[in-house]
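Chemist: One structure follows; several queries about it will come next.
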Amino acid sequence: KATALTIALAETVLACSAWFCQGNTPSPGYFLFIDRPWIEMLGIRYTAGMDGISLLLVILTALVSVIAMLVSWRSITERVALHFLLILAMESGIMGVFLSLDLFLFYLFWELMLIPMFFLIGIWGHDRNIYSAVKFFLYTLVGSLLMLLAIIGIYLIHGEQSGVYSFGLAALMGTKFSPATGLWLYGAFLLAFAVKFPIVPLHTWLPDAHTDAPTAGSVILAGLLLKTGAYGLIRFGYPLFPEAARTLTPLLIGLAVAGILYASWIAFAQKDMKRLVAYSSVGHMGFVALGIGVWTPVALSGAVLQMINHGLTTTALFALVGMLDERAHTRHIEDYGGLWGKIPLFSAFFVLFAMASAGLPGLNNFVGEFLILTGSFKAAHLATALAFIGVIMPLAYTVRLIQEVIFQEERRPLPMADISPRELCILAFLALADLYIGLHPAPLLEILKTPVALLTGGVP
């Protein structure tokens with residue numbers, strides 16, 4: 401455990417140190433860049449780069465990985481070394497996805513993420529853990545195989561057009577496709593990414609996976625894994641297939657808004673806290689999909705910022721639910737009540753993060769949602785108006801959750817102790833991050849300014 405945590409902390413220091421490399425420009429748009437031959441016979445190169453978007457997501461990955469280890473510190477008692485090794489493997493795969501600029505390399509890391517999460521759910525999960533692990537595996541595998549076929553298709557078409565076979569993003573961006581071919585190839589990418597978001601109706605694996613996963617699995621799943629689908633769409637989907645993306649934009653926006661409204665409605669009916677937070681994640685990622693679909697600088701900046709916000713807030717919520725489950729061995733809302741009088745420090749953090757998730761002004765989620773709605777209004781009036789309803793609906797289930805768990809009279813006596821120093825470190829850090837972004841998002845938006853402008857065709 402100590403070795404794994406040391407490695408994760410070292411990676412966090414390295415990730416944060418990249419913040420100070422922003423003045424470098426080894427490649428247009430990227431301040432850290434590496435390009436080395438790998439399998440030259442097939443045109444495969446080890447090409448990786450970091451811009452403002454990937455910088456924020458890499459830092460998030462490093463931080464959430466450390467938190468995943470800390471929340472598992474006492475609860476995991478069997479196959480401990482394997483558990484922590486799988487968390488490190490997940491971290492490697494996710495960082496690789498956020499840094500890859502070669503489609504073959506991207507796909508390699510994309511698949512690497514799948515295997516550790518399957519075992520995390522299957523070995524240390526609860527209740528129907530095998531069912532949930534297999535369901536997660538099959539959903540993501542089908543999407544991944546379609547994306548692999550599309551990658552091979554792009555590779556062959558580009559090779560025929562240019563005479564040079566390459567998987568590099570920069571080279572492939574100049575490839576010309578017929579309208580039908582572009583739609584099929586982009587559709588395969590969109591489907592693979594939509595499963596990971598997840599976008600309704602491809603979301604059904606997520607509530608089961610969250611419900612049956614250990615706390616560390618839920619933290620990584622919500623905090624990091626869902627972001628890879630959104631990132632893939634931003635980095636590869638739109639730049640490779642601009643015409644096809646524009647054609648399918650109404651579909652993406654429609655599904656995003658449907659997901660926002662549907663997830664909020666279903667979350668209100670949940671009795672299991674983990675399932676409630678899982679459905680709230682579907683709604684929050686619906687806002688991200690809306691921002692990407694509109695593809696304006698303001699909306700896209702809001703979408704990336706919302707990915708960071710959701711990663712921090714939902715990590716905290718799943719950690720809190722895991723802490724309750726460790727103490728009382730139940731996640732059902734109806735089993736709790738009166739926690740404010742018994743564990744006030746825990747209750748204060750619970751209220752803070754629940755209200756952050758609901759989009760309370762002054763906290764981080766509000767900033768991302770505000771930017772997305774502001775940037776979307778001119779391009780999609782009706783969708784923005786409907787999405788605004790999805791801003792209000794989470795308040796209903798959040799207030800209900802807080803009332804029943806924290807302030808309502810105790811239903812039955814449960815053994816409770818307030819948070820430990822280890823738990824306090826986790827929650828205090830996440831609370832400070834939420835408050836900082838909510839009150840002063842300018843530094844993060846400044847980092848996103850150049851890459852977002854380059855992606856949307858504006859001036860950096």
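If you read the sequence shown in the numbering used here, its first letter stands for residue 401, the second for the next number, and so on.
Think of the CB as a built atom: it goes at the ideal place given N, C-alpha and C, for glycine as much as any other residue.
Check each candidate in L414, F431 and T647 and name the one with the smallest Cα separation from Q422.
Modeler: Reading the sequence shown from its first residue, position 22 is the one you call residue 422. Looking at the Cα atoms, F431 is the closest of the given residues.
Chemist: Is the CB-CB distance between D612 and S681 below 9 angstroms?
Modeler: Taking the sequence shown and counting its residues from 1, one reaches residue 612 at position 212. Taking the sequence shown and counting its residues from 1, one reaches residue 681 at position 281. Taking 9 angstroms as the Cβ cut-off, D612 and S681 do not qualify as a contacting pair.
Chemist: How about M490 and L520: are their beta carbons less than 9 angstroms apart?
Modeler: Counting from 1 along the sequence shown, the entry for residue 490 is found at position 90. Counting from 1 along the sequence shown, the entry for residue 520 is found at position 120. Result yes, Cβ atoms of M490 and L520 sit closer than 9 angstroms.
Chemist: Report the partner residues of F433 according to the DSSP bridge assignment.
Modeler: What you label residue 433 is simply residue 33 of the sequence shown in a count that begins at 1. Bridge partners of F433: G449.
Chemist: Between A663 and G693, is the Cβ-Cβ spacing less than 9 angstroms?
Modeler: For the purposes of this step, residue 663 is taken as the residue at position 263 of the sequence shown. For the purposes of this step, residue 693 is taken as the residue at position 293 of the sequence shown. Their beta carbons are not under 9 angstroms apart, which means A663 does not touch G693 by this criterion.
Chemist: How long is the line joining the alpha carbons of L508 and L548, rounded to whole angstroms?
Modeler: Taking the sequence shown and counting its residues from 1, the one referred to as residue 508 is at position 108. Taking the sequence shown and counting its residues from 1, the one referred to as residue 548 is at position 148. Their Cα atoms are separated by approximately 10 angstroms.
Chemist: Report back the beta-carbon spacing between Y539 and V595 to the nearest angstrom; my notes put them in contact at under 8 angstroms.
Modeler: The sequence position of residue 539 within the sequence shown is 139, counting from 1. The sequence position of residue 595 within the sequence shown is 195, counting from 1. Rounded, the Cβ-Cβ distance is 5 angstroms, consistent with contact.
Chemist: Between G776 and V704, what straight-line distance do the alpha-carbon atoms span, to the nearest angstrom?
Modeler: Start at 1 with the first residue of the sequence shown, and residue 776 comes out as number 376. Start at 1 with the first residue of the sequence shown, and residue 704 comes out as number 304. Residue identity check: residue 776 is Ser in the sequence provided, not Gly. So the alpha carbons of these two residues sit roughly 14 angstroms apart.
Chemist: Quick one: residues in its chain with C-beta nearer than 7 angstroms to the C-beta of S701, no 5 flanking neighbours on either side, listed in chain order?
Modeler: Looking up residue 701 in the sequence shown gives position 301. Answer for S701: L771, L845, L848 and V852, listed in chain order.
Chemist: In whole angstroms, what is the alpha-carbon distance linking A616 and P794?
Modeler: Here residue 616 corresponds to residue number 216 of the sequence shown, with the count starting at 1. Here residue 794 corresponds to residue number 394 of the sequence shown, with the count starting at 1. A616 and P794: Cα-Cα distance of roughly 25 angstroms.
Chemist: Tell me the residue span of the alpha helix (DSSP H) that contains D612.
Modeler: Your numbering for residue 612 matches position 212 in the sequence shown. Run containing D612: W605 to D612, per the alpha helix (DSSP H) assignment.
Chemist: Let me make sure I understand the geometry here. Which of M513, A689, V497 and L512 has the alpha-carbon closest to that of F506?
Modeler: Against the sequence shown, residue 506 aligns to sequence position 106. The shortest C-alpha separation from F506 is found at V497.
Chemist: Tell me the DSSP secondary structure of W695 in three-state form.
Modeler: Taking the first residue of the sequence shown as position 1, residue 695 is located at position 295. Looking at W695 - three-state DSSP - the assignment turns out to be coil, as it is neither helix nor strand.
Chemist: With burial defined as no fewer than 16 other Cβ atoms inside 10 Å of the residue's Cβ, what is the status of V657: buried or exposed?
Modeler: Position 257 of the sequence shown holds residue 657. With 16 or more other Cβ atoms within 10 Å, it is buried.
Chemist: Does the region 637-657 come close enough to the region 671-680 that 3 or more CB-CB pairs lie under 8 angstroms?
Modeler: Cβ pair count under 8 angstroms is below three, so no.
Chemist: Among I444, S820 and A410, which has the Cα closest to the Cα of Y565?
Modeler: On the sequence shown, position 165 is the one that residue 565 refers to. The residue with the shortest Cα to Cα distance from Y565 is I444.
Chemist: Would you mind reading off the limits of the alpha helix (DSSP H) that contains G737?
Modeler: Taking the first residue of the sequence shown as 1, we reach residue 737 at position 337. Element bounds for G737: n/a, residue is neither H nor E.
Chemist: By a C-beta neighbour count over all protein chains shown, 10 Å radius and 16 as the cutoff for buried, is L442 buried or exposed?
Modeler: Taking the first residue of the sequence shown as position 1, residue 442 is located at position 42. Exposed.
Chemist: Return helix, strand or coil for W438, following the three-state DSSP convention.
Modeler: The sequence position of residue 438 within the sequence shown is 38, counting from 1. Strand at W438.
Chemist: Which same chain residues end up closer than 7 angstroms to E440 when comparing Cβ atoms and leaving out the 5 residues on each side of it in sequence?
Modeler: Residue numbering aside, residue 440 sits at position 40 when the sequence shown is read from its first letter. Closer than 7 angstroms at the Cβ level, and outside the excluded window around E440, lies no residue.
Chemist: Classify K778: buried if its beta carbon has 16 or more other beta carbons within 10 angstroms, exposed otherwise.
Modeler: For this step, residue 778 is matched to residue 378 along the sequence shown. The residue is exposed, with fewer than 16 neighbouring Cβ atoms inside 10 Å.
Chemist: Determine the closest residue to I634 out of L457, L763 and I733, with distance taken between C-alpha atoms.
Modeler: As a working note, residue 634 is residue 234 in the sequence shown. Nearest option by C-alpha distance: L457.
Chemist: Closer than 6 angstroms by C-beta to G493: which residues in its own chain qualify, once you throw out the five before and the five after it? Chain order, please.
Modeler: Translated into positions along the sequence shown, residue 493 becomes position 93. For G493, where only same-chain residues beyond five positions count, the Cβ hits under 6 angstroms are F509, L512 and M513.
Chemist: By DSSP, does P860 sit in helix, in strand, or in coil?
Modeler: Your numbering for residue 860 matches position 460 in the sequence shown. In this prediction, P860 has a pLDDT of 37, which is less than 50 and means its spatial position is unreliable; nothing more can be read from the coordinates.
Chemist: List the residues that DSSP assigns as beta-bridge partners of G568.
Modeler: As a working note, residue 568 is residue 168 in the sequence shown. G568 pairs with D502.
Chemist: Looking at the ligand SAM, does it come within less than 8 angstroms of L585, judged from the CB to the closest heavy atom?
Modeler: For the structure depicted, the ligand SAM is absent and the ligand set is empty, with no information on it obtainable.
Chemist: Consult DSSP for I743 and reduce its assignment to one of helix, strand or coil.
Modeler: Your numbering for residue 743 matches position 343 in the sequence shown. Note: I743 maps to coil in three-state DSSP.
Chemist: Is there contact between the region 799-810 and the region 708-722, where contact requires at least three CB pairs shorter than 8 angstroms?
Modeler: No, because fewer than three Cβ pairs between the region 799-810 and the region 708-722 fall closer than 8 angstroms, the two stretches do not touch.
Chemist: Return yes when the Cβ of F636 is within less than 9 angstroms of the Cβ of L591, no when it is not.
Modeler: Position 191 of the sequence shown, counting from 1, holds the residue named residue 591. Position 236 of the sequence shown, counting from 1, holds the residue named residue 636. No. Outside cutoff.
Chemist: Please look up how many angstroms separate the CB atoms of V799 and G737, rounded, as I've assumed it's under 8 angstroms.
Modeler: Locating residue 799 in the sequence shown gives position 399, where the first residue counts as 1. Locating residue 737 in the sequence shown gives position 337, where the first residue counts as 1. That belief does not hold up - the Cβ atoms of V799 and G737 are roughly 15 angstroms apart, past 8 angstroms.
Chemist: What are the boundary residues of the alpha helix (DSSP H) that includes Q561?
Modeler: Working through the sequence shown from its first residue, we reach residue 561 at position 161. N529 to S562 is the span of the alpha helix (DSSP H), which, as asked, contains Q561.
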